[in-house]
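Q:
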Amino acid sequence: MWQIWCDRYLRDGRVADWQQGISHSEGQGYGLLLAQAAGDRAAFEQIEEWTQVHLAVRQDQLMAWSRRHEDGRIDWHNATDGDLFRAWALLRADRDSGWTGHRDKALAIARDIAELCLASDPRAPAEWLLLPGAEARRAPARVLFNPSYIMPRALRELGDASGDPRLLRAADHGETVLAELAAAGRLWNWVDVAASGFLPPKEHRATWGYDALRIPLYLVWSGRGRHPAVAAALKNLEAGAQPGHVIVTRAEDGRPETQSDRPGFLALGDAARCADLPGGPWDTGDYYSDTLLALCHLALREGGCAA
Numbered sequence: 068m069w070q071i072w073c074d075r076y077l078r079d080g081r082v083a084d085w086q087q088g089i090s091h092s093e094g095q096g097y098g099l100l101l102a103q104a105a106g107d108r109a110a111f112e113q114i115e116e117w118t119q120v121h122l123a124v125r126q127d128q129l130m131a132w133s134r135r136h137e138d139g140r141i142d143w144h145n146a147t148d149g150d151l152f153r154a155w156a157l158l159r160a161d162r163d164s165g166w167t168g169h170r171d172k173a174l175a176i177a178r179d180i181a182e183l184c185l186a187s188d189p190r191a192p193a194e195w196l197l198l199p200g201a202e203a204r205r206a207p208a209r210v211l212f213n214p215s216y217i218m219p220r221a222l223r224e225l226g227d228a229s230g231d232p233r234l235l236r237a238a239d240h241g242e243t244v245l246a247e248l249a250a251a252g253r254l255w256n257w258v259d260v261a262a263s264g265f266l267p268p269k270e271h272r273a274t275w276g277y278d279a280l281r282i283p284l285y286l287v288w289s290g291r292g293r294h295p296a297v298a299a300a301l302k303n304l305e306a307g308a309q310p311g312h313v314i315v316t317r318a319e320d321g322r323p324e325t326q327s328d329r330p331g332f333l334a335l336g337d338a339a340r341c342a343d344l345p346g347g348p349w350d351t352g353d354y355y356s357d358t359l360l361a362l363c364h365l366a367l368r369e370g371g372c373a374a
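According to my numbering, the residues represented by the sequence shown are 68 to 374, in order.
1) Does the Cβ-Cβ distance between L185 and D127 come in under 8 Å?
2) Sorted by chain position, which residues of the same chain lie with C-beta nearer than 7 Å to H271's C-beta, five sequence neighbours on each side aside?
3) State the Cα-Cα distance for the pair L367 and A228, rounded to the nearest angstrom.
4) The beta strand (DSSP E) that contains W195, what's its start and end?
5) Pick out whichever of V315, T243, I71, D353 has its Cα sitting closest to the Cα of E194.
6) Under 8 Å by Cβ, that's how I've got G96 and R153 pegged, so tell me the actual separation to the nearest angstrom.
7) Note down, in chain order, each residue of its chain lying with its Cβ closer than 6 Å to the Cβ of S92, except the 5 sequence neighbours on either side.
8) Going by DSSP in three states, E449 sits in which element: helix, strand or coil?
9) Would a C-beta distance cut-off of 8 Å place L335 and L284 closer than the cut-off?
10) Name the residue from D259, A191, G311, G94 whose alpha carbon lies nearest to the alpha carbon of V210.
11) Give me, in chain order, the residues of the same chain whose beta-carbon lies closer than 8 Å to that of E116; leave out the 5 immediate sequence neighbours on both sides.
12) Return the chain-ordered list of same chain residues with a C-beta closer than 7 Å to the C-beta of I282, the five sequence neighbours on each side being excluded.
13) Would DSSP call R81 helix, strand or coil?
14) On the three-state DSSP scale, how would you describe A186?
15) Hey, H169 and D163: beta-carbon distance below 8 Å or not?
16) Go to I89, then tell me how far its beta strand (DSSP E) extends in each direction, as first and last residue.
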């Protein structure tokens with residue numbers, strides 16, 4: 068599976084979404100994690116080298132969000148999930164694989180996530196919300212939040228390794244917020260957390276979609292398969308879907324908009340149930356679907372609910 072994914076999406080250390088003609092920090096983080104899990108040190112080092120040269124261009128330890136293939140144009144804003152997965156992969160490489168020399172970088176990234184990408188919850192100022200980026204909109208009364216950026220296991224392992232309790236609190240509170248969103252029927256791609264509660268985000272549609280799809284994956288991977296957001300996400304995936312499909316986007320009123328039978332999207336429902344996953348096809352040409360399928364296999368292997 069790993070070799071097929073590499074052949075399709077990895078070029079000289081660059082994880083490439085050929086459909087969009089772009090590489091993202093999120094993809095580089097996913098690639099590092101999958102390479103570490105596969106025991107492919109050569110690919111891991113190549114991905115990290117490309118990332119250092121082309122995306123580690125900020126004055127802090129966070130990555131630029133994207134680089135276009137055609138003209139090399141960079142969006143220097145970071146996306147916190149990419150930094151979180153990169154730091155976690157670097158920590159795992161040093162700690163679990165014995166590929167030394169990566170721990171210091173992992174902890175430096177973790178420290179900047181804690182310093183630059185956390186904000187107080189307006190409803191409970193002592194609690195930390197994980198921001199979608201260092202420059203993301205925040206104010207004492209209203210904070211932009213992406214529920215799919217909460218990867219509790221990564222936050223906790225980096226918090227433990229760095230000795231920074233803020234990351235541990237962000238993981239705990241993130242799970243609390245996900246449960247609240249599930250109960251409120253607002254398991255959206257984006258949401259504003261305000262002093263008065265959860266509001267539609269100013270910049271985005273208040274909908275279930277391609278970001279929110281990852282919420283059950285990260286919770287199952289973190290050993291939280293019984294978390295209420297997993298059941299809520301499963302309902303969003305399956306309610307009203309055609310046979311052999313899942314709902315990947317819904318309108319503001321909850322009506323299904325887009326369905327898919329791609330293996331990676333189907334695997335999200337299987338992962339939420341801790342069920343057997345499809346073995347392929349892998350070379351579908353859909354970067355996001357194929358990457359989700361790879362991550363689902365890894366999540367079930369490491370989350371404890373599947374062999």
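Backbone N, C-alpha and C fix where the C-beta goes; we use that ideal spot for every residue, glycine too.
A: Result, derived from the coordinates:
1) It is not a contact, given that the beta carbons lie outside the stated cut-off.
2) Here the set comprises N256, W257.
3) Roughly 23 Å separates the two Cα atoms.
4) Per DSSP, W195 is one residue of the beta strand (DSSP E) stretching across 191 to 197.
5) When C-alpha distances from E194 are compared across V315, T243, I71, D353, the shortest belongs to T243.
6) Contact flag correct, Cβ pair sits at about 4 Å.
7) Contacts found: L122, M130, W132, A146, G149.
8) Only positions 68 to 374 of the chain appear in this structure, which leaves residue 449 out of reach.
9) Yes.
10) Out of D259, A191, G311, G94, D259 has the C-alpha closest to the C-alpha of V210.
11) Within the same chain, Cβ atoms closer than 8 Å to the Cβ of E116 are found at G80, the five residues on either side in sequence being excluded.
12) Cβ-Cβ distances below 7 Å link I282 to P214, S215, L245, L254, A296, A300 in the same chain, with the five nearest sequence neighbours on each side left out; the list follows chain order.
13) Note: R81 maps to strand in three-state DSSP.
14) DSSP places A186 in strand when its eight states are reduced to three.
15) Going by C-beta atoms, H169 is not nearer than 8 Å to D163.
16) Where I89 is concerned, the enclosing beta strand (DSSP E) stretches over 89 to 91.
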